[in-house]
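Protein chains: 2
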Amino acid sequence: MAARVEVLGVPGLPEVKAGDDLADLIAAAIRRAGLSLEPADVVVVTHKVVSKAEGRLVRLDRVTPSNTARQLAEELGRRPEDVEVILRETARLVRAAPWALIAQTRHGFVCANAGVDHSNTAPGVVSLLPEDPDASARGLQAALEAAFGVPLAVVVSDTFGRPWRLGQTNVAVGVAGMAPLNDYRGQADPAGRTLVATQVAVADEVAAAAELVMGKLDRVPVAIVRGVRYARAAGSARDLVRPAERDLFR
Amino acid sequence: MAARVEVLGVPGLPEVKAGDDLADLIAAAIRRAGLSLEPADVVVVTHKVVSKAEGRLVRLDRVTPSNTARQLAEELGRRPEDVEVILRETARLVRAAPWALIAQTRHGFVCANAGVDHSNTAPGVVSLLPEDPDASARGLQAALEAAFGVPLAVVVSDTFGRPWRLGQTNVAVGVAGMAPLNDYRGQADPAGRTLVATQVAVADEVAAAAELVMGKLDRVPVAIVRGVRYARAAGSARDLVRPAERDLFR
């Protein structure tokens with residue numbers, strides 16, 4: 000039997016506003032699309048709608064830039080308010096160049112602009128990453144499991160750029176209901192050789208697969224990924240963060 | 000209509016040997032599995048079977064390490080023959096630590112061990128990346144298009160680790176028949192805001208999706224990814240290589 004994974008886009012989510020019950024909106028959209036959720040499905044939700052529901056939006060005209068932000072903005076040729084918001088989200092600045100400001104967020108993720116994003120928001124408004132994306136994922140998991148009566152996993156995703164490779168890919172920033180790493184260490188390959196260093200970031204691969212039906216311009220912020228083999232666990236995207244002592248690119 | 004992508008593992012490929020007609024073996028395995036190829040399918044093939052078919056294997060007991068390799072091996076606590084093969088595949092050493100040797104290959108990819116790999120090979124034998132993975136992909140594309148009578152894209156994949164994030168994900172090292180980047184720059188999001196910096200590495204996301212049905216231990220080195228929106232083009236994985244002047248992590 001051929002292994003088979005299905006990725007289904009969930010269209011028709013309304014524009015999400017602060018305070019909305021996102022799980023309710025997602026459940027309704029799934030049903031309207033004639034879809035359902037099956038046991039062990041992974042529901043992938045772009046962080047953007049999670050952040051909107053949680054009110055993680057900032058109007059730039061209400062931001063007062065610090066001197067540090069003004070100085071960095073001038074060096075990089077960027078808007079000081081924008082840089083101020085980024086610095087507030089930043090635990091550690093990794094690299095700064097006119098074309099990219101790379102920062103580690105409080106969650107531990109290293110990405111452009113500490114996850115602060117202008118796309119798919121009203122003009123002059125930026126979105127932040129959820130305060131605790133794992134908690135957001137857990138909340139969605141509990142509500143969707145109750146709504147559909149099946150065990151599920153949830154991944155909250157964002158698109159990150161990568162060093163050395165062009166283009167962004169979707170990755171997991173929040174995880175619930177699954178171990179984000181499939182661990183093959185100590186197991187034997189078909190030649191009988193023990194695999195010593197193979198951990199597959201299955202939550203990131205699921206996020207990437209989901210992006211294939213989401214698109215950037217289509218307002219499809221939710222996808223169902225069905226048929227994935229993963230280890231059932233509480234899960235946390237923090238398990239995907241490389242510890243500092245193993246980070247050669249600080 | 001919900002967007003839908005399907006990922007189908009192709010099982011039953013025999014152990015591939017140098018000189019084998021890989022496209023023939025893949026076509027036969029697809030048919031034996033009761034599958035077929037449809038127009039615009041992306042066939043993802045792990046580089047490992049491509050390298051085996053192309054004879055890109057090295058017996059370590061026939062390798063004579065250079066002084067440079069011996070010295071580096073001693074510093075890192077690794078086998079000199081292993082380091083010698085890695086250095087031969089290396090265009091530029093990026094970082095060296097006891098737990099990771101990060102190098103840029105002649106193709107431009109930055110990855111662990113310059114793509115030299117011990118897994119799924121006979122004991123004492125390592126595999127190299129294909130000499131020209133785009134050419135390998137083009138060859139497979141032409142032969143599979145002829146065999147099934149439909150236009151196809153082909154991605155040759157490898158699993159790479161990432162800085163800052165734990166776990167490996169599958170990425171494209173060879174591409175044929177598709178533009179590896181979906182370019183949204185200059186297009187407008189639903190709020191009417193022009194997206195300024197969004198290129199999605201669709202070939203890498205397709206490779207990641209394929210890995211979900213491949214698994215590390217299952218000998219499923221081929222997957223069909225169906226329903227992906229991509230731009231038809233000659234394509235090259237070199238389009239995914241970030242130019243040096245935009246690389247903040249050299």
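Sequences listed follow chains C and E, in order. Heads up: the first sequence runs through residues 0 to 249, numbered per numbering that gives the first Met the number 0. Heads up: the second sequence runs through residues 0 to 249, numbered per numbering that gives the first Met the number 0. Ideal Cβ placement from N, Cα and C applies to all residues, glycine included.
Secondary structure, beta strand (DSSP E): runs of 3+ residues fully inside the stretch 88 to 147 of chain E | 89 to 96, 99 to 104, 109 to 111, 124 to 126
Pick from C:Y183, C:G234, C:A90 that is closest to C:H106, judged by C-alpha positions = Reading the first sequence from its first residue, position 107 is the one you call residue 106 of chain C. When only C-alpha atoms are compared, the closest one is C:A90.
Exposed or buried, E:P242, counting other C-beta atoms within 10 Å across all chains shown (16 or more means buried)?
-> The sequence position of residue 242 of chain E within the second sequence is 243, counting from 1. Per the 10 Å Cβ criterion, exposed.
Would you give the residue range spanned by the alpha helix (DSSP H) that E:R30 belongs to?
-> Counting from 1 along the second sequence, the entry for residue 30 of chain E is found at position 31. Where E:R30 is concerned, the enclosing alpha helix (DSSP H) stretches over 21 to 31.
Would you tell me roughly how many angstroms separate the C-alpha atoms of C:I29 and E:K51, rounded to the nearest one?
-> On the first sequence, residue 29 of chain C is found 30 positions in, with the first residue counted as 1. On the second sequence, residue 51 of chain E is found 52 positions in, with the first residue counted as 1. Computed Cα separation, rounded: 44 Å.
Three-pair Cβ contact test at 8 Å for the stretch 229 to 243 of chain E versus the stretch 212 to 227 of chain C = no
Measuring only between beta-carbons, confirm whether E:A248 sits less than 7 Å from chain C.
-> What you label residue 248 of chain E is simply residue 249 of the second sequence in a count that begins at 1. Here the sequence assigns Phe to residue 248 of chain E, which means Ala is not the residue at that position. Answer yes: the Cβ-Cβ gap between E:F248 and chain C drops below 7 Å somewhere.
Quick one: is C:E210 near chain E, going by C-beta distance under 7 Å?
-> In the first sequence, the residue the question calls residue 210 of chain C occupies position 211. Chain E, which has a Cβ nearer than 7 Å to the Cβ of C:E210, makes this yes.
Over the uninterrupted beta strand (DSSP E) stretch that includes C:R225, give me the two end residues.
-> As a position in the first sequence, residue 225 of chain C is number 226, starting the count at 1. Looking at the DSSP string, the run of the beta strand (DSSP E) that includes C:R225 is 221 to 225.
Quick one: is E:A2 near chain C, going by C-beta distance under 7 Å?
-> Mapped onto the second sequence, residue 2 of chain E falls at position 3. Cβ-Cβ to chain C under 7 Å: yes for E:A2.
Are the Cβ atoms of C:A111 and E:A208 separated by less than 7 Å?
-> Position 112 of the first sequence, counted from the first residue, corresponds to residue 111 of chain C. Position 209 of the second sequence, counted from the first residue, corresponds to residue 208 of chain E. Cβ distance not < 7 Å, so C:A111 and E:A208 don't count as in contact.
Going along chain E, which residues have a C-beta under 9 Å from C:M155?
-> The sequence position of residue 155 of chain C within the first sequence is 156, counting from 1. Here residue 155 of chain C turns out to be Val, not Met, going by the sequence shown. Here the premise fails: no neighbours, minimum Cβ distance about 15 Å.
Chain-ordered neighbours of C:E204 on chain E, where CB pairs are closer than 8 Å | One-based indexing of the first sequence puts residue 204 of chain C at position 205. Within chain E, the residues near C:E204 are T168, N169, A207, A208, E210, L211.
In the stretch 0 to 31 of chain E, which residues sit with their C-beta less than 7 Å from some C-beta in chain C, listed in chain order?
-> A1, A2, R3, V4, E5, V6, L7, G8, V9, P10
Select from the stretch 89 to 101 of chain C all residues with a C-beta closer than 7 Å to any C-beta belonging to chain E, and list them in chain order.
-> R94, A96, W98, A99, I101
Per DSSP, what kind of secondary structure is E:S35 in: helix, strand or coil?
-> The residue you call residue 35 of chain E lines up with position 36 of the second sequence. Three-state DSSP puts E:S35 in coil, outside helix and strand.
Short Cβ contact (7 Å threshold) for E:P97 with C:F248 = Against the second sequence, residue 97 of chain E aligns to sequence position 98. Against the first sequence, residue 248 of chain C aligns to sequence position 249. No, these two residues do not count as a Cβ contact at 7 Å.
Does any CB atom of chain E fall closer than 7 Å to the CB of C:P162?
-> Position 163 of the first sequence, counted from the start, is the residue given in the question as residue 162 of chain C. Closer than 7 Å to some Cβ of chain E, the Cβ of C:P162 qualifies, so yes.
Over what stretch of residues does the beta strand (DSSP E) that includes E:L151 continue unbroken?
-> The count along the second sequence starts at 1 and reaches residue 151 of chain E at position 152. Premise fails: E:L151 is in no beta strand (DSSP E) and is neither H nor E.
What does DSSP give as the partner residues of E:T45 in its beta bridges?
-> In the second sequence, counting from the first residue as 1, residue 45 of chain E sits at position 46. Bridge partners of E:T45: E:S156.
Who are the Cβ neighbours of E:G54 in its own chain at under 8 Å, not counting the five residues just before and after it?
-> In the second sequence, counting from the first residue as 1, residue 54 of chain E sits at position 55. Cβ neighbours of E:G54 beyond the five flanking positions: A17, G18.
Using the beta-carbon count (16 or more within 10 Å), is C:V43 buried or exposed?
-> On the first sequence, residue 43 of chain C is found 44 positions in, with the first residue counted as 1. C:V43 should be labelled buried.
Sequence-distant residues of its chain with Cβ nearer than 8 Å to E:G148 (five each side left out) | What you label residue 148 of chain E is simply residue 149 of the second sequence in a count that begins at 1. Excluding positions up to five away in sequence, the list is empty.
By how many angstroms is the C-alpha of C:L34 removed from the C-alpha of E:R31?
-> As a working mapping, residue 31 of chain E is identified with position 32 in the second sequence. As a working mapping, residue 34 of chain C is identified with position 35 in the first sequence. The alpha-carbon atoms of E:R31 and C:L34 are separated by roughly 31 Å.
Comparing the C-beta of E:L180 with each C-beta of chain C, is any distance below 7 Å?
-> As a position in the second sequence, residue 180 of chain E is number 181, starting the count at 1. Answer yes: the Cβ-Cβ gap between E:L180 and chain C drops below 7 Å somewhere.
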